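Heads up, this note's numbering is the position in the sequence shown plus 113, with the first residue counted as 1. Think of the CB as a built atom: it goes at the ideal place given N, C-alpha and C, for glycine as much as any other residue. None of these values were measured; they are calculated from a predicted model.
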Amino acid sequence: TDALARYDAVLGFDHRTLGVDPLENAEELLAELTRLPAGGIVFDAVCHSRGGLVLRSLIEHLLPASGLDTRFERAVFVGSTNGGTALADRENWHRLIDLYM
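Following this line, the structure appears as structure tokens:
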């Protein structure tokens, strides 16, 4: 594929979502990144839905303190809730219930 021709590595990361904080998922992703060959990791990311929160946790919280020689360049967020969701506000829960009742 084009991605395999352009990049040294292409990783897929399937993460647990129920009952797991995105930061915990990001810690698992960081562990995978540490297994890559040393020498400076330059990466782009494509993430979907909750994966965007995992990526942001990785970039904003974990990478700066990790000591890894990394540089993040680009991200494509597909359907990610970067601005949060109105359903997280308990005052809006009735809208979700009304949708299914």
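Membership of A144 in any beta strand (DSSP E) is not indicated; the residue belongs instead to the alpha helix (DSSP H) covering P135 to L146. Bridge pairing for A158: A188 [DSSP]. About 23 Å separates the beta carbons of A122 and L166, which is beyond the 8 Å limit, so they are not a contact pair.
Between R163 and D182, the alpha-carbon positions lie close to 26 Å from each other.
Between F185 and I172, the CB-CB gap stays under 8 Å.
The beta carbon of N205 sits closer than 8 Å to those of A199, all from its chain and outside the five residues before and after it, given in chain order. In the DSSP assignment, R169 falls within the alpha helix (DSSP H) that extends over G164 to S170.
Within the same chain, E186 and R187 come within 6 Å of D157 by CB-CB distance, once the 5 residues on both sides are set aside.
H161 is the residue among I154, H161 and R119 whose C-alpha sits nearest the C-alpha of N195. A straight-line Cα-Cα distance of about 25 Å links L142 and A201.
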